[in-house]
Each structure stands twice: as C-alpha cells, then as structure tokens.
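K.L.:
After the structure tokens below, expect a handful of questions from me.
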Amino acid sequence: MCEIVSIHFDATILSSPIEYLKGMGPLRADLLKKELSVFTYKDLLDHFPLRHIDKTRVDPIRVATSANDYVQTAGVLVQLQVLGEGRSKRLIGTLRDDTGELDLIWFQAIHWIQKNLETGQSYLVFGKMGQFNGRAQISHPEIELYSREKAGGRSTLEPIYPSTEKLKAKSLGGRQLAKFTGQLLQALQPADLPENLPEKLVATFGFPSRFEAYRQIHFPANEAAWRQAVERLKFEELFLAQLRLSLIRLERHRYSKGVVFGQVGNLFHEFYEQHLPFALTGAQKRVLKEIRADMGQGRQMNRLLQGDVGSGKTMVALLTMLLAADNGFQSLLMAPTEILAAQHYSGISELVKKMPLKIALLTGSTRAAERKMILAGLADGSIHWVIGTHALLEDKVVFYQLGLAIVDEQHRFGVAQRARLWKKAVVPPHILVMTATPIPRTLAMTAYGDLDYSIIDELPPGRQPISTVHRYEHARASVMDFVRAEIAKGRQAYFIFPLIEESDKLDLENLMRGYENIKAFFPEPRFWISVVHGRQAADVKETNMQRFVQNDTHIMVATTVIEVGVNVPNASVMVIESAEKFGLSQLHQLRGRVGRGAEKSFCILLTGMQVNNDARERLKTMCATNDGFLIAEKDLELRGPGDIEGTRQSGELNFRLADLVSDRQLLEQAKRMAGALVESDPELRDPAHTALRAFLQSQKGKLAWSKIS
Ligand code: ADP
Ligand code: MG
C-alpha cells in the first residue's frame with residue numbers, strides 16, 4: 000500500500016524550531032512559545048499582523064499637514080533648537096520643502112536625538128500628524144536620512160504584530176516580530192509553501208498562490224494585495240475544514256452499515272390512519288420522507304433535525320419509532336431532563352395506548368425494582384420503546400435489538416455521549432438528533448457538517464404569534480394585573496427566574512423570594528402555584544409539574560429547568576424575571592413554552608432599570624421577532640461562535656483568520672466547492688488533487704477534526 004506523493008508539506012524548513020531563526024536565541028524563543036504558542040517557523044508565519052502602516056507614499060509637506068492621521072513626508076531640516084527648562088524642556092526641529100513647513104518635537108532623549116540630526120540635511124519622517132498653537136507638528140516622529148533610493152518610500156506596507164508586555168520587555172514587540180518575519184520570508188522559496196488548493200480553484204477566484212499569499216499578508220505591496228492574500232487564506236481555511244467534514248460524511252455513508260427499515264408496516268399504518276390527532280404539516284411530511292430514505296438504504300442514519308419550538312418534532316420522532324417497530328427493532332428516546340422525559344413518556348403512551356406496544360420510562364430516579372424489570376424487558380425485547388434521560392447511556396442498559404436512538408434537544412448532550420449510543424447494538428442504530436435551539440446555518444454547516452440535516456420550517460396551522468413586551472420592575476403591579484386577567488379567562492402562567500448565582504443555594508433563595516412575592520399578588524385559595532427547581536427531589540418536581548399540566552395550579556414558578564420541551568398548551572403567559580440576565584436563545588426557548596394552544600399568548604420580559612447595551616439589544620430582538628432562526632443569527636452576531644451552545648467543543652470553529660459571522664459568504668462558497676470536489680473525486684485520485692491530498696495527510700492529527708463524531 001505504498002503511495003507516492005511527490006509533494007511534501009511542512010517537512011523541511013518550516014518545521015524548524017523557532018530558536019534556529021538567526022538572531023532569536025533560546026531565551027526569546029522560549030518566551031515566544033509561552034506567550035504566543037509560536038514553536039516553529041510556520042507558527043511565526045501564522046502569526047498574522049494586526050494592521051499595517053503605509054510608508055509606501057511620501058507626501059509633500061502641504062499634503063501631510065492637512066491630514067490628521069499617520070503620514071510620511073520628507074524635507075530639509077532648516078532649524079533645530081532646544082526650548083524651555085526642566086519638565087517643559089523640548090527639542091524642536093523645522094522641516095521644509097517647496098510646499099510648506101512642519102514642526103518636529105521631542106520631549107525625551109533630547110540630547111541623543113540632537114546629536115544625531117544635522118540642519119541642512121534631507122530627512123524622511125513618519126508619525127502622527129497633530130496641531131499645536133495653529134502649527135502642524137509631529138511629536139516623536141520616526142526619522143532617518145532621506146536618500147535617493149528612498150525617494151519613493153518603502154516598497155511594502157509595514158506590518159504591526161500583536162505582542163505582549165513580556166515579549167516587549169525582551170525586545171520582541173510588534174516591530175521586532177516584523178523584523179524576524181521579514182527575515183524568514185526572505186529565506187523562503189515558493190517550494191517551501193507549496194500550493195495546496197487545486198489550480199483550477201485558485202484560477203477561478205484569481206487568488207494569489209499560497210506562497211505569495213503568505214508574503215502579501217505580512218508585507219503587502221498595497222492594501223488591495225493584502226486583501227487578496229487575506230481572502231485566499233481565509234478561503235483555504237474554510238475550504239479545508241469543509242472538505243474534511245465532507246470526507247468524514249462520505250466515509251460514513253459508504254462504509255457504515257445500518258439496519259434496513261425496508262417496510263412501512265401495520266403499526267405505522269394503523270397509527271397514521273386511526274390515531275394521528277391532526278394532519279401533519281408539509282414540513283413534517285418532508286422530513287419524514289428524508290428519514291425514511293435514510294433508513295431504507297442499509298447505511299446508518301445520522302441526522303440532525305432542526306425545528307423551532309412548537310414545530311412538532313415529537314410527532315416525527317414517534318412516527319420514526321413506529322417504523323422501527325414495524326421492522327422488528329427497539330427504539331430509545333433520550334431527553335435532557337427528567338421532566339421532559341416524563342412528559343414524552345406520558346404523551347407518547349397516551350397516543351399509542353390502543354396499540355400493541357410496550358413502553359418504559361427510565362431515569363435516574365426510577366426505583367430499583369422497576370429498573371430491574373425494565374432492564375430485563377429491554378434485554379429480552381419485550382419492551383419496544385424506552386424513554387428516559389442519560390441514564391439510558393449506562394452500560395447496564397442492554398438491548399435485544401436496538402435499531403433507533405432519538406436524542407431530543409441535543410445541545411445538552413455532548414458529542415462523546417452520542418458516540419456511546421453507537422455501541423448499544425452490533426450494527427449501530429440509526430440516530431436522529433432533534434434540536435429546537437436554532438443553530439445558524441453557517442454554524443450548523445461547520446459544527447455538524449458531517450451530519451445529514453433536516454429542518455421543519457413550518458409551524459402547525461392556527462398558531463398565533465406570541466406578543467412580547469419589555470417592562471421595567473416598577474410596572475410590576477400592572478403586569479400582575481394582566482396575568483390575573485388571563486387567569487380569569489381560564490389560562491395559566493409561567494414565572495421564570497434565572498440561574499445566575501455562583502451557588503445553587505443563592506439561586507434557590509432568589510427563586511423562593513420571588514415566589515413569596517408572587518404569592519402576595521396571587522393568594523391562596525383563589526390561586527394555586529406550582530414551584531419547580533433543580534434541587535427538588537424528582538417526585539416533588541413531578542407532582543408540582545403534574546398539577547400544572549392538569550390545570551390544578553394556575554401559576555408555575557420555576558427556574559430554567561423547564562427551558563426545553565415542556566408542553567402545556569393552556570398556558571398563555573410567560574413572565575421572565577431579570578430577563579436581562581438570559582441569553583438570546585435561552586429567552587427564545589423559554590418563550591416557546593407558551594403559544595402552544597389556540598389562544599393568543601404573551602411573553603413579558605421584566606428587568607430592572609439597569610440594562611446594558613447588549614442586553615437591550617437582546618430584549619429588542621425578542622420583542623421584534625418570533626423567528627428562531629433570525630434570533631439565532633442575532634445571537635451569533637452578539638456573542639460570537641465560541642459561545643453558542645453545543646459548539647463549544649468543536650475544534651472546527653477555531654479559525655485563525657476566518658470569522659463565521661462576517662465571512663458567511665465565503666463559507667458558503669467553500670462548502671459548495673468542497674462538496675462538489677468530494678462528489679467528483681471522493682478518493683482525491685485526480686492528479687489535480689494530489690497536492691490537496693498530500694496536504695490533508697500532512698495535517699492529520701494536527702487538527703481537532705477527529706473530535707467531531
Ligand atoms: P417541538 O418541536 O417543540 O418539540 P412538539 O412536538 O412539542 O414541538 O409540538 C408542539 C405542539 O404542537 C404539541 O402540542 C403537538 O401536539 C402539536 N402539533 C405537532 N404537530 C402538529 C400538527 N401537524 N398539527 C397540529 N398540531 C401539531
Ligand atoms: Mg420538543
């Protein structure tokens with residue numbers, strides 16, 4: 000299996016340790032490693048400039064003095080004198096050309112500078128233009144003799160690099176880094192940074208070569224050249240990431256065996272014709288078709304199903320489980336909280352109660368005797384479906400023949416946990432991951448690029464949009480009046496408190512204080528209140544929850560434990576306390592608990608007077624739209640991709656140059672092109688792709704892509 004690849008990446012000079020760079024020395028090299036993680040020559044090349052200074056132009060003095068920015072100009076030094084005493088002592092020089100005059104001023108190192116300058120000589124000067132007493136001046140300019148060779152200024156822009164105080168103290172500030180980088184680039188040949196993108200692609204975009212791009216991102220001839228270099232290197236990053244994901248996905252499609260759910264049988268038909276309580280939406284039907292296509296092909300399904308809150312993902316899950324049962328396979332449905340698992344269990348049991356299916360609920364608080372029976376039933380196949388929390392992942396949970404695993408609200412489950420599901424059957428079960436946390440398309444593409452992807456983009460008919468308003472604390476009494484009026488109409492209300500404090504204990508105190516306060520407005524026995532929080536015993540939580548579900552209590556006071564999934568269609572008001580403390584997607588999730596029935600629903604965001612700008616932006620967005628995808632985009636914009644839930648562990652999001660928000664278009668292009676390439680040449684056997692393949696092989700293990708399941 001010997002493969003001859005004629006291109007070598009990073010093999011020679013670029014992998015040299017940074018201490019080998021001429022003039023660097025071991026001490027400074029150590030500091031570079033510690034402070035900037037620069038270990039090799041290549042790392043230094045990947046340490047990109049923050050910005051550039053333009054010294055390519057030399058302006059006449061009259062032009063320079065009318066600017067109020069950094070300028071470069073030249074002239075004859077016609078005068079040089081020391082003025083003032085003590086602290087106001089300063090050195091002033093006057094520079095003159097045919098067009099005008101300019102003062103240069105120094106407050107420090109006066110003696111040394113005076114000694115090195117000479118009136119009557121021509122000088123090249125660079126610095127920030129300022130004004131003093133009506134005269135143009137530059138203080139502490141960079142100054143050097145103006146020779147004929149320098150007449151046109153520098154040939155490239157000068158890079159300024161990010162550095163640290165410690166580095167600066169050891170003569171490794173932005174300037175010195177520029178010197179080292181320049182020196183390194185001088186020593187490199189184009190073959191040291193060989194092209195890794197297919198030539199055709201480079202030509203299509205009119206990109207500079209990889210070597211040229213590296214030179215130009217550090218020392219560009221002008222701004223346009225810098226822009227092109229950045230564009231090329233960003234594209235390279237995004238394209239390679241997308242290519243890796245496409246290859247992983249392809250590999251899975253080709254080689255993963257999956258159980259075949261070939262037939263739509265009696266159970267599915269009976270349910271569909273006799274028990275389905277409503278007509279499916281177009282989107283539900285389409286997604287179901289996509290899922291059936293996946294599962295009928297003999298390869299393992301790994302599908303992400305995205306649908307806004309209330310879009311009806313549970314029904315899709317249920318129908319998929321019926322397909323599994325029709326084909327003789329067991330299913331599991333895993334939810335992030337006990338409350339949600341219990342609710343799924345009772346909802347689904349109710350829907351299929353007339354059918355010959357045995358369903359179990361398994362969570363951390365299932366009693367030992369019952370657990371034993373359930374484990375036995377799963378092992379011998381007498382239980383068809385099991386619904387539960389991550390207790391289902393434990394090794395003790397063994398199946399007779401597991402064919403399908405559905406994970407609800409995925410962002411609470413880590414990637415590693417997902418992988419544990421695969422081991423529950425000889426042939427890995429089909430996996431359907433459902434989430435209502437809308438992930439912006441760009442992120443989904445990157446974080447879950449190896450999964451297949453379905454989306455429910457349509458709400459069931461008859462839903463009214465939820466009205467959302469922002470109210471300040473001092474309007475609390477009128478908010479309470481409003482809630483009272485809704486309750487009088489027979490509806491129910493949620494009051495949600497944030498989980499923010501360092502300790503559970505403080506959060507609980509905060510919640511209980513809020514509860515007492517609400518109780519003062521809604522006294523027993525006219526009003527009844529359920530309280531649900533994370534520190535309750537499971538059975539207490541369950542009782543409180545059930546009372547609210549059955550409309551025995553009017554109000555539910557809760558922490559964010561009810562964030563996902565809970566379904567009480569009669570609840571029409573959601574009051575979110577200290578709303579400024581919640582993230583945007585969390586607010587959207589919470590709001591999704593209302594608006595689930597036919598009645599008009601309301602969401603009230605309560606805050607104190609102190610609301611910072613970001614929080615204000617979040618509240619404004621919530622009041623303006625109900626569209627989860629718009630909200631997700633806004634969230635991404637406000638927080639940046641690193642903070643978006645569920646993507647934190649993804650190494651693929653750590654780009655050096657590219658930014659998933661501002662470089663969306665480039666990402667789309669990269670994705671499209673990577674997909675097309677993998678489709679046309681999945682093995683990268685085409686000679687045009689040799690370099691690409693060699694590059695990917697050289698990078699194996701260096702990047703975090705194996706972290707993505
Ligand atoms: P989510 O996608 O947030 O999990 P659910 O599955 O909980 O949404 O569905 C929300 C509500 O919409 C439930 O009460 C469910 O019964 C109802 N529902 C789902 N699909 C439809 C449909 N096609 N027509 C009418 N109601 C539906
Ligand atoms: Mg749900």
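Mapped onto numbering that gives the first Met the number 0, the consecutive letters of the sequence shown carry residue numbers 0 to 708.
For every residue, glycine included, the Cβ atom is placed at its ideal position computed from N, Cα and C.
No experiment lies behind these values; they were computed from the predicted model shown.
(1) To the nearest angstrom, how far is the alpha carbon of L196 from that of V229?
(2) For L242 versus L695, is the C-beta distance shorter than 9 Å?
(3) How long is the line joining the alpha carbons of G645 and A537, rounded to whole angstroms?
(4) Look at the alpha carbon of E164 and the alpha carbon of F496, and state the distance between them as a whole number of angstroms.
(5) Is the beta carbon of V397 less than 9 Å from the beta carbon of V258?
(6) With hydrogens ignored, establish whether the beta-carbon of A340 is closer than 8 Å to any heavy atom of the ligand MG.
(7) Roughly how many whole angstroms lie between the Cα atoms of P207 and D191?
(8) Do three or more CB pairs link the segment 600-612 to the segment 290-304 at distances below 8 Å?
(9) If I measure Cβ to Cβ from N326 and keep anything under 8 Å in the same chain, skipping five residues before and after, which residues do I get?
(10) Count the other C-beta atoms from every protein chain shown that fall within 10 angstroms of the C-beta of S14, then say buried if there are 16 or more, exposed otherwise.
(11) Can you give me the C-alpha to C-alpha distance between A693 and D53, rounded to a whole angstrom?
(12) Answer yes or no: the CB of T313 versus the heavy atoms of the ligand MN, is any distance below 8 Å?
(13) Relative to the ligand ADP, is the shortest distance from any of its heavy atoms to the C-beta of A631 smaller than 8 Å?
(14) If the criterion is Cβ atoms closer than 9 Å, does the pair M573 and V593 meet it?
(15) Locate the beta strand (DSSP E) running through G92, then write down its first and last residues.
(16) What are the start and end residues of the alpha helix (DSSP H) that includes A597?
(17) Residue ranges of each alpha helix (DSSP H) run of no fewer than 4 residues wholly in the segment 43-104, ordered along the chain?
(18) Applying the criterion that 16 or more other CB atoms from any shown protein chain within 10 Å of the CB defines a buried residue, is I109 buried or exposed?
(19) Please return the same chain residues whose Cβ sits closer than 7 Å to the Cβ of E616, not counting the five positions on each side in sequence.
(20) Tell me whether the beta-carbon of N566 lies closer than 9 Å to the beta-carbon of R590.
(21) Going straight from the alpha carbon of M23 to that of P158, what length do you get?
(22) Can you determine whether any heavy atom of the ligand MG sits closer than 8 Å to the C-beta of A435, and answer yes or no?
(23) Pick helix, strand or coil for H469, following the three-state DSSP scheme.
(24) Counting Cβ pairs closer than 8 Å, one from the segment 385-393 and one from the segment 264-281, do we hit at least three?
(25) Using the Cα positions of L356 and Q463, report the straight-line distance between them to the nearest angstrom.
(26) Measuring only the C-alpha atoms, how far is A162 from H51?
(27) Over the uninterrupted beta strand (DSSP E) stretch that includes R174, give me the two end residues.
(28) Taking the beta carbon of E651 as the centre, do at least 16 other beta carbons fall within 10 Å, making it buried, or is it exposed?
(29) Identify every residue that forms a DSSP beta bridge with S138.
(30) Using the three-state DSSP reduction, which class does G205 fall into: helix, strand or coil?
(31) Would DSSP call N132 helix, strand or coil?
(32) What residue does the alpha helix (DSSP H) around V677 start on, and which one ends it?
(33) Can you tell me which residues form a DSSP beta bridge with S330?
(34) Can D307 be considered in contact with the ligand MG, in the sense that its beta carbon sits closer than 8 Å to one or more heavy atoms?
(35) Return the chain-ordered list of same chain residues with a C-beta closer than 6 Å to the C-beta of R546, the five sequence neighbours on each side being excluded.
(36) Does the beta-carbon of D456, which I'm using as the reference point, lie nearer than 8 Å to any heavy atom of the ligand MG?
P.N.:
In short:
(1) In this structure, the straight-line span from the alpha carbon of L196 to that of V229 is close to 15 Å.
(2) Result yes, Cβ atoms of L242 and L695 sit closer than 9 Å.
(3) Confidence at G645 is low in this model, with a pLDDT of 41, below 50, so the placement of that residue should be treated as unreliable; the coordinate-derived value is given next. Taken atom to atom, the span from the alpha-carbon of G645 to that of A537 is near 26 Å.
(4) Roughly 43 Å separates the two Cα atoms.
(5) No, the Cβ-Cβ distance between V397 and V258 is not below 9 Å.
(6) Not under cutoff, so the answer is no.
(7) Taking the CA atoms as reference points, P207 sits about 15 Å from D191.
(8) The answer is no - the segment 290-304 does not touch the segment 600-612, with fewer than three Cβ pairs under 8 Å.
(9) Closer than 8 Å at Cβ, skipping near neighbours: V258, V259, F260, G261, Q262, G264 and G402.
(10) S14 comes out exposed.
(11) Taking the CA atoms as reference points, A693 sits about 38 Å from D53.
(12) Only the ligand ADP and the ligand MG can be found as ligands here, which leaves the ligand MN out of the picture.
(13) False, no ligand heavy atom lies under 8 Å from that Cβ.
(14) Taking 9 Å as the cut-off, the beta carbon of M573 is found closer than this to the beta carbon of V593.
(15) Membership of G92 in the beta strand (DSSP E) is indicated by the continuous run R89 to D96.
(16) DSSP places A597 outside any alpha helix (DSSP H), giving it a letter other than H or E.
(17) Every alpha helix (DSSP H) of 4 residues or more that sits fully in the segment 43-104 is shown, in chain order, as 60-64.
(18) Residue environment analysis places I109 among the exposed positions, since fewer than 16 neighbouring C-beta atoms fall within 10 angstroms of its C-beta.
(19) Once the five neighbours on either side are set aside, the close Cβ partners of E616 are L637.
(20) No, they are not a contact pair.
(21) Taking the CA atoms as reference points, M23 sits about 19 Å from P158.
(22) For the ligand MG, at least one heavy atom lies less than 8 Å from the Cβ of A435.
(23) Residue state, collapsed to three classes: strand.
(24) No, the segment 385-393 does not touch the segment 264-281.
(25) Here the alpha carbons of Q463 and L356 stand approximately 35 Å from one another.
(26) Residue identity check: residue 162 is Ser in the sequence provided, not Ala. Approximately 14 Å between the Cα atoms of the pair.
(27) For R174, there is no enclosing beta strand (DSSP E); the enclosing alpha helix (DSSP H) has its first and last residue at G173 to A186.
(28) Below a pLDDT of 50, predicted positions are generally treated as unreliable, and E651, at 45, falls in that range; the measurement from the model is reported next regardless. So E651 counts as buried.
(29) According to DSSP, which records beta bridges pairwise, S138 is partnered with I104.
(30) Looking at G205 - three-state DSSP - the assignment turns out to be coil, as it is neither helix nor strand.
(31) N132: coil per DSSP, three-state reduction.
(32) Where V677 is concerned, the enclosing alpha helix (DSSP H) stretches over R663 to S679.
(33) The bridge partners DSSP lists for S330 are W384 and L403.
(34) Incorrect: D307 has no Cβ contact closer than 8 Å to the ligand MG.
(35) Within the same chain, S529 and T552 come within 6 Å of R546 by CB-CB distance, once the 5 residues on both sides are set aside.
(36) D456 Cβ: outside cutoff for every heavy atom of the ligand MG.
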